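**Q**
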Amino acid sequence: MKTLNKIEQLIYQTPAWKLVALVFAIMLFKTGIWVIPTIEQSITIASNPFANPFNADEEFLFWNWLGPFLAWTVGAKSAPAFIAFHFAFSVAFSALFLRIVFLRFSDQKARTSLILFCILPVSSTVYFWAGYDSITLFVMLLALATPGMSWSPFSQELPWECSILSKAS
Numbered sequence: 781m782k783t784l785n786k787i788e789q790l791i792y793q794t795p796a797w798k799l800v801a802l803v804f805a806i807m808l809f810k811t812g813i814w815v816i817p818t819i820e821q822s823i824t825i826a827s828n829p830f831a832n833p834f835n836a837d838e839e840f841l842f843w844n845w846l847g848p849f850l851a852w853t854v855g856a857k858s859a860p861a862f863i864a865f866h867f868a869f870s871v872a873f874s875a876l877f878l879r880i881v882f883l884r885f886s887d888q889k890a891r892t893s894l895i896l897f898c899i900l901p902v903s904s905t906v907y908f909w910a911g912y913d914s915i916t917l918f919v920m921l922l923a924l925a926t927p928g929m930s931w932s933p934f935s936q937e938l939p940w941e942c943s944i945l946s947k948a949s
């Protein structure tokens, strides 16, 4: 029981920034940071997203065209720039999640959500395989975070109650 009480104190009584730093440090230590295994091919697409340099066995790489296209748009065509570009979306995804839960939920619910988020694979996938998943997850979370924006798929009234879209107490 003592151990559970200490864990509970750590989660709910530690300053929020320390808890976030600790949980993300543990998560990144557990999974590590790396890039998608097809990084070279994705960089090739980013050099010219309008041409297919691959044979039929590698055409699956065009299934997620958004990342290389955006990298091409901002000029991130070298390996370091391409990786940094996608890693920035990984950090933005995590930052947006933290902003959502700590602004919209009570402190206790936000801390519980943080722990649950970091237990789920989605939280570390963007770091373990920084790449197109980083952009996809960021865009999906951004659509949920901004339901009132005209470009959001949730700009209209939802036919169901969705607690993460409204401020919870």
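Each residue of the sequence shown is one higher than the one before, counting from 781 in this note's numbering.
The beta carbon of each residue, even a glycine, is placed where N, CA and C say it ideally should be.
What you are looking at is a predicted structure, and each value in this text was computed from that prediction instead of being measured.
#1: Put Ala925 into one of helix, strand or coil per three-state DSSP.
#2: Could you name the residues of the same chain whose beta carbon sits closer than 7 Å to that of Thr905, not counting the 5 residues immediately before and after it, in chain order?
#3: Let's see if you can read the secondary structure: which residues bound the alpha helix (DSSP H) around Ala807?
#4: Spatial neighbours of Ala864 within its chain, please: C-beta separation below 8 Å, excluding the five flanking residues on both sides.
#5: Counting Cβ pairs closer than 8 Å, one from the region 893-900 and one from the region 801-811, do we hit at least three?
#6: Taking the alpha carbon of Ser858 as the point to measure from, which residue in Phe842, Thr824, Phe918 has its own alpha carbon closest?
#7: Where do the N-terminal and C-terminal ends of the alpha helix (DSSP H) with Asp887 fall, by residue?
#8: Alpha carbon to alpha carbon, what distance is there between Ala872 and Ser822?
#9: Let me make sure I understand the geometry here. Which of Gly911, Ala923, Thr916 has the alpha-carbon closest to that of Thr818?
#10: Around the Cβ of Trp909, are there at least 16 other Cβ atoms within 10 angstroms (buried) or fewer (exposed)?
#11: According to DSSP, is Ala826 part of a helix, a strand, or is it coil?
#12: Does the Cβ of Gly812 have 16 or more other Cβ atoms within 10 Å, making it buried, or fewer, making it exposed?
#13: I'd like to know whether the C-beta atoms of Pro833 and Pro848 end up nearer to each other than 7 Å.
#14: Do you know offhand how far Leu841's Cα is from Ser886's?
#15: Excluding the 5 residues preceding and the 5 following Leu850 in the sequence, name in chain order all residues of the same chain whose CB lies nearer than 7 Å to its CB.
#16: Which same chain residues, not among the five before or five after Met781, have their C-beta less than 6 Å away from its C-beta?
#17: Whose C-beta lies closer than 6 Å to the C-beta of Thr783 among residues of the same chain, with five residues either side of it excluded?
**A** According to the structure shown:
#1: As a position in the sequence shown, residue 925 is number 145, starting the count at 1. Correct three-state label for Ala925: helix.
#2: Here the question's residue 905 lines up with position 125 in the sequence shown. The answer, listed in chain order, is Asp913.
#3: As a first step, residue 807 must be located in the sequence shown, where it is residue number 27. Looking at the sequence provided, one finds Met at residue 807 rather than Ala. From DSSP, the alpha helix (DSSP H) with Met807 extends over 796-811.
#4: Counting from 1 along the sequence shown, the entry for residue 864 is found at position 84. Excluding sequence neighbours, Ala864 sits near Ala856.
#5: yes
#6: For the purposes of this step, residue 858 is taken as residue 78 along the sequence shown, with counting starting at 1. Residue Thr824 is the option with its Cα nearest to Ser858.
#7: Against the sequence shown, residue 887 aligns to sequence position 107. Counting along the chain, the alpha helix (DSSP H) containing Asp887 begins and ends at 887-899.
#8: As a working mapping, residue 822 is identified with position 42 in the sequence shown. As a working mapping, residue 872 is identified with position 92 in the sequence shown. Rounded to the nearest angstrom, the two C-alpha atoms are 21 Å apart.
#9: Taking the sequence shown and counting its residues from 1, the one referred to as residue 818 is at position 38. Ranking the options by Cα distance to Thr818, first place goes to Gly911.
#10: The residue labelled residue 909 in the question sits at position 129 within the sequence shown. Classification of Trp909: buried, given that the 10 Å Cβ count is 16 or more.
#11: If you number the sequence shown from 1, residue 826 lands on position 46. Helix at Ala826.
#12: Working through the sequence shown from its first residue, we reach residue 812 at position 32. Flag for Gly812 reads exposed.
#13: Here residue 833 refers to the residue found at position 53 when the sequence shown is read from its first residue. Here residue 848 refers to the residue found at position 68 when the sequence shown is read from its first residue. No, the Cβ-Cβ distance between Pro833 and Pro848 is not below 7 Å.
#14: Position 61 of the sequence shown, counted from the first residue, corresponds to residue 841. Position 106 of the sequence shown, counted from the first residue, corresponds to residue 886. Taking the straight line joining both Cα atoms gives about 42 Å.
#15: Looking up residue 850 in the sequence shown gives position 70. Excluding sequence neighbours, Leu850 sits near Ile915.
#16: Residue mapping note: residue 781 aligns to position 1 of the sequence shown, counting from 1. There are no such residues.
#17: For the purposes of this step, residue 783 is taken as residue 3 along the sequence shown, with counting starting at 1. Hits under 6 Å: none found.
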